[in-house]
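These protein sequences, in sequence, are chains D and C. Using my numbering, the first residue of the first sequence is number 1, and each one after it goes up by one. Using my numbering, the first residue of the second sequence is number 1001, and each one after it goes up by one. Glycine included, C-beta positions come from ideal geometry on N, C-alpha and C.
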Amino acid sequence: MKRVTAFCAALLLAACSTDYQAVGPIGGESGTELAERQVIHIGNGADPQTLDPHRAQGVPESNIGRDLFEGLIAEAPNGDLIPGVAESWEMSEDGKVYTFKLRENARWSNGDPVTAGDFEFGMRRSVDPATLSVYSFILSPIENADAIIAGELPPDALGVKAIDDRTLEIRLANPTPYFLGLLTHSASYAVHRASVEASGGEDYWRPGKLISNGAYQLDEFVVQSHVKLVKNPHYWNADAVTIDEVYWHVTEDINAELKRFRAGELDMTYTIPKSQLSWIRQNMPDHLLIAPYLGSYYYGLNLTKPPFKDNKALRRALALAIDRDIITKQITAAGEIPAYGWIPPQTANYRGAQMPEAEWTQEEREAEAKRLYAQAGYSAENPLRVELLYNTQDDHRRIAVAVAAMWRQVLGVETSLVNQEWKVYLDTRNQFRTQVFRAGWIGDYNDAYTFAEIQHSKSELNNTGWANPEYDRLLALASAETDLDKRADYLQQAERVLLEDMPLIPIYFYVTTRMVQPWVAGYEANIMDHFRSQDLKILKH
Amino acid sequence: MLRYSLRRLLAAIPTLLVLIALAFFMMRLAPGGPFDQERSLPVEVEANLRAAYRLDEPLYLQFARYLGGVLRGDFGPSFHYRDFTVTELIATGFPVSFKLGATAILLALVVGVTAGSIAALRQNRVTDHAVMTVSMTGISIPNFVMAPILILVFAIYLRWLPAGWGGSLRNMVLPVIALALPQIAYISRLTRGSMIEVLRSNFIRTAKAQGLSTRTIVLKHALKPALLPVVSYLGPATAAVITGSVVIEQIFGVPGIGRFFVQGALNRDYTLVMGVVVFYGALIIAFNFLVDLAYAWLDPKVKYS
């Protein structure tokens, strides 16, 4: 009976109590006092598909990869590039040859020194078709990389050469101002040659076998549950690493993830359920971090057939009739930035371009939209009937409904909404069986080119079928340019050409949303949403 | 009995073959493939991948190769989990699902049968109505509502139990309860219904006339025949519960094999989906067979030859 009473009392209490709160000030009296146990639990979204850095493709495995491995270049918490295994480097005058000096004290987790030969081996392995890497294109600025990926040249033709144990030379096909940033990507990591070769490349990434050169080494890999990392005692900067154990948890269900965070089982989440945003803002505002993200949400138009083929006026009319403020303030509502250009404003090596109507009021834009719609040959009697495709997800549906309503209200367009499961959607989109399709593009590296390239007429990523020789020409000029200012100019001009032709309708720029416990120190949001556990600390709580 | 068992086992082979063929070709009919992603792959890279996974061969050849593999117990490499074979994934996931599912089914059986029998004995009285109301609620509230409520109360507000998975006993409590609740509800209703029927039958009346105590009548004479419908329900239910519940695994982050069904299909992980389908199919066949054997033991009227 006593127990039952206690239970009922607890339930009553539960009904009116809030979540767990830390006892005493976080970080002790000084505010910086560390917790005794330095163990962090991080929500990591889906399962990592592999821990092999050269086969990695998703965000979950990239996150773990930054803890396990260190590239020649690393990223500071704010996203700045800092020396990784390379302690210094030089670039030739023409911007095509980089020479890296490696740290003398860089070590693998078994104590072996990390050598230039390991990077040479790693990058060759990365572009070798036999490795079955899907992200090897990251290395494509390197001499011969594309030909090797295509199977036309052997992997040792790659322009990467170990001059001696501590000197690595990389030759590029073209000057590439964002090249150093690419060297933070897992496709460029070194792997421990002896263990990879001993296993025939088969299972060297298993716990107990994986030898890594980052701040951590692999301890457990439980599919659908977690990856546990422990500190690598041989890491060159091990003294500066505070957290001893890192758990990267699989948190596919974002509602469950939030509950685990509220129960104190997670120190950081991967994301938040959008439907809970207002609850979080009210109840746990201090735990919520929102920051700009290198991503663009847009509606692509299929230019290979009517109605959008050769009908610029119609494309522009649809773009102008969308009230982006309503979408970002009332639908997505997490602080997304209304997009009047294609490339996110905080992108590196970039000077933003916007559609000329960006400065107008929405009324002015709508008036112009009506004029263009009529010019395109449509009217109330002869309205445009169009199909809008999106992949099945609530946020996409809500945006599609709103856009369809705006198009109907302003122009009288009759939109039918079609949703498809992700892979079906990709299939439909890639085969150009669309009219309007929703899409998002997240930059692979922090440079305007990662956005610019997908609309190149020859790109496999071009799903609109848009081809503009002027755009391609400007991209080619930018690729060959060593002067950063001039290059930014070319890219800006290219974006203007794109926005003038409007093969895609920018809607908003993404933000990252994440819950972080107040006792996690050292976390800074950055535009790539990259962080390393070695920069974090757990404060006393 | 032995001949019957052998016949049943032989009959399982064509059933499994049909299942494998259906699953194989339906999976391939679905639009989109395992290598489709937001960033389309360069043509050469995709061709390499297709060749490595032998997707470039004619479909009938792939099917024959797959069947050959299954015979050797080799379900092939997973398309999505690139570091694992499907056999490995099932071998690590199934013990977890089994542990949770078997505990849940046992719990459901004990609680469900007890509650159902009590309700039957107190038919149309307060206890009966209470048990049936609770079990009706149990059936009606879906897992994906019940599990978050359990987490909210016991993990977030009370902080008695963890919300996620960690492999310990404490981690098992909430998922087991969430898994067992609907089963308890169903089993108690089944038990109640058949118990009421059995209690009205002639042999029970005879037992009563002989002056046996209610306790003896229920436990010794009525329970066994009353369990028949429960047992036939239990076969497929056990197979379903021990192969993991997608919802429960997702919500509690349990590393079982239930999620493989859905994630595998969404990722077009052909081999993984096939692997769990074959595994699940074989389990269902095995459990139905066990149910039939249990029937022979429970019901003297059932004889196999």
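- Interface criterion met: the Cβ of D:Arg260 is under 7 angstroms from a Cβ in chain C.
- Only residues of its own chain outside the window of five on either side were considered, and among them Tyr189, Ala190 and Val191 have a CB closer than 7 angstroms to the CB of D:Gly122, listed in chain order.
- Contact annotation: D:Leu183 and D:Ile527 have beta-carbon atoms that are not nearer than 7 angstroms.
- D:Arg438 counts as buried, since at least 16 other C-beta atoms from the protein chains shown sit within 10 angstroms of its C-beta.
- Chain D has a Cβ within less than 7 angstroms of the Cβ of C:Asp1083.
- Counted as a single uninterrupted DSSP element, the alpha helix (DSSP H) harbouring C:Val1277 occupies residues Tyr1270 to Leu1298.
- Around D:Ser88, the same chain offers Lys101 as residues with beta carbons nearer than 6 angstroms, after the five sequence neighbours per side are excluded.
- A distance of 7 angstroms or more separates the beta carbons of D:Lys540 and D:Glu152.
- Under the three-state reduction of DSSP, D:Tyr378 is assigned to coil, being neither helix nor strand.
- Taking a beta-carbon distance threshold of 7 angstroms, D:Gly151 counts as an interface residue toward chain C.
- Taking the C-beta atoms as reference points, C:Ser1140 is found no nearer than 7 angstroms to C:Ser1188.
- Taking the Cα positions, C:Thr1127 is about 19 angstroms away from C:Pro1182.
- Among the residues facing chain C, D:Val39 is not included, as its CB has no counterpart in that chain under 7 angstroms away.
- Contacts with chain D (Cβ-Cβ distance below 9 angstroms) from the stretch 1021 to 1034 of chain C involve Ala1030, Pro1031, Gly1032, Gly1033 and Pro1034, listed in chain order.
- At a cut-off of 7 angstroms, the C-beta of C:Gly1258 has no neighbouring C-beta in chain D.
- Counting other Cβ atoms within 10 Å of its Cβ, D:Ser457 stays below 16 and is therefore classed as exposed.
- The closest CA to that of D:Gln217, considering only D:Ser186, D:Arg66 and D:Tyr297, is found on D:Arg66.
- Interface with chain C (7 angstroms Cβ-Cβ cutoff): D:Thr434 is excluded.
- Think of a sphere of 8 angstroms around the beta carbon of D:Val223: the chain C residues whose beta carbon falls inside it are Tyr1081, Phe1084, Leu1089, Thr1092, Gly1093 and Pro1255, in chain order.
- Spanning the alpha carbons of D:Ala402 and D:His41 requires a straight line of approximately 38 angstroms.
- D:Ala448 has its alpha-carbon roughly 27 angstroms from the corresponding atom of D:Asn311.
- Within chain D, no residue has its CB atom less than 8 angstroms from the CB of C:Arg1007, the nearest being about 39 angstroms off.
- Within chain D, the C-beta atoms nearer than 7 angstroms to that of C:Asn1048 come from Pro129 and Leu132, in chain order.
- The continuous beta strand (DSSP E) containing D:Arg171 extends over residues Thr167 to Arg171.
- In its chain, beyond the 5 residues on either side, Thr242, Ile243, Asp244, Glu245, Lys537 and Ile538 have a beta carbon closer than 8 angstroms to the beta carbon of D:Gln38.
- Collapsing the DSSP output to three states places D:Lys312 in a helix.
- In chain order, Asp219, Glu220 and Tyr247 place their CB closer than 6 angstroms to the CB of D:Lys228, counting only its own chain and leaving out the 5 sequence neighbours on each side.
- Here D:Ile73 has Leu81, Gly84, Leu180, Leu183 and Thr184 as same chain residues with Cβ atoms under 6 angstroms from its own Cβ, once five neighbours each way along the sequence are excluded.
- Counting of Cβ neighbours within 10 angstroms places D:Arg324 among the buried residues, the total reaching 16 or more.
- Identification of chain C residues near D:Asn430 by a Cβ-Cβ cut-off of 8 angstroms yields Asp1036 and Ser1040, ordered along the chain.
- The three-state secondary structure of D:Asn144, taken from DSSP, is coil.
- In terms of Cα proximity to C:Ile1204, the closest of C:Gly1116, C:Thr1191 and C:Ala1226 is C:Ala1226.
- Here C:Asn1171 has Pro1162 and Trp1165 as same chain residues with Cβ atoms under 7 angstroms from its own Cβ, once five neighbours each way along the sequence are excluded.
- Sixteen is the threshold: since fewer than 16 other Cβ atoms of the shown chains lie within 10 Å of the Cβ of C:Ala1011, the residue is exposed.
- For D:Tyr490, the CB contacts under 6 angstroms within the same chain, skipping 5 residues up- and downstream, are Leu474, Leu477 and Ala478 in chain order.
- Inclusion of D:Asn232 and D:Ala215 in the CB contact set at 7 angstroms is warranted, their separation being smaller than that value.
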